[in-house]
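Below: one structure, written as structure tokens.
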Amino acid sequence: MDYFMNGRVAGCQGNDRVGMAPHGNYKCAGNDKWVSIAIKTEDEWKAFCKAIGSPSWTKEAKFKTLADRLQHLDELDKAVTSWTVNLGDYEATNILQKAGVAAAPVLNIEGVFFDPHFQERGIFMNVDHPVAGGLTLYDLPWQASGLGRKPARYAPLLGENNDYVFGELLGMGKAEIDKLVEDKVIY
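For the sequence shown, the numbering used here gives the first residue as 6, with consecutive numbering after it.
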């Protein structure tokens with residue numbers, strides 16, 4: 006939209022976002038632990054400053070407004086990291102979320118699997134696969150009220166649903182389906 010409205014071609018942004026500061030992933034205490042923080046409004050900035058104990062750097066002129074913070078992003082990121090590096094990823098997340106600041110731990114696949122929120126939402130399902138055995142798979146991460154969850158099921162094996170697809174849905178006879186299998190058109 007920026008291109009069509011203003012003729013600007015967006016370049017690589019990395020973790021930065023136009024109009025947001027701080028915005029990125031910040032090192033936390035522990036091995037490869039990070040917290041993602043996104044602050045857009047002045048109210049969010051004030052809540053962030055209060056949540057982290059209003060250290061002196063938050064009152065510096067170079068961080069007073071969003072425009073100031075955007076001009077001093079490298080210094081801002083270092084200052085934010087000076088706070089996050091002393092906390093665990095979930096600890097920093099909880100402090101900021103309680104203050105109304107968008108924050109979340111940055112998780113690898115193991116972290117996603119054991120994350121209390123994802124466990125509570127039930128986004129993983131255990132499935133008994135006829136060839137591979139027991140599997141843990143992702144389910145839909147969202148839920149809609151009034152809609153139940155479908156029972157966990159593995160993806161169909163190659164040719165497993167031929168009778169249904171070719172027979173019931175496409176109206177082909179058993180002999181025609183068998184001929185397609187024999188000719189290796191389907192399996």
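From the three backbone atoms N, C-alpha and C, an ideal C-beta is built for every residue, glycine too.
When the five nearest sequence neighbours on each side are left out, the beta carbons in the same chain lying within less than 6 Å of the beta carbon of Trp88 are those of Ile57, in order along the chain. The region 93-179 contains, as complete beta strand (DSSP E) runs of 3+ residues, the segments 107-111, 129-134 and 138-143 (chain order). Here Tyr31 carries a strand assignment [DSSP, helix/strand/coil]. Here the region 29-43 lies against the region 87-101, with 3 or more beta-carbon pairs under 8 Å apart.
Annotation for Ala43: the continuous beta strand (DSSP E) segment containing it runs Trp39 to Ala43.
Contact check for Val186 against Tyr159 fails: the beta carbons are separated by 9 Å or more. If you draw a straight line from the Cα of Leu101 to the Cα of Ala108, it is about 6 Å long. With a contact defined as Cβ atoms closer than 8 Å, Glu47 and Leu71 qualify at about 7 Å. When secondary structure is reduced to three states using DSSP, Met10 falls in the helix class. Nearest to Pro60 by alpha-carbon distance, out of Tyr8, Leu81, Thr141 and Glu115, is Leu81.
Counting along the chain, Ala15 sits inside no alpha helix (DSSP H), nor does DSSP assign it H or E at all.
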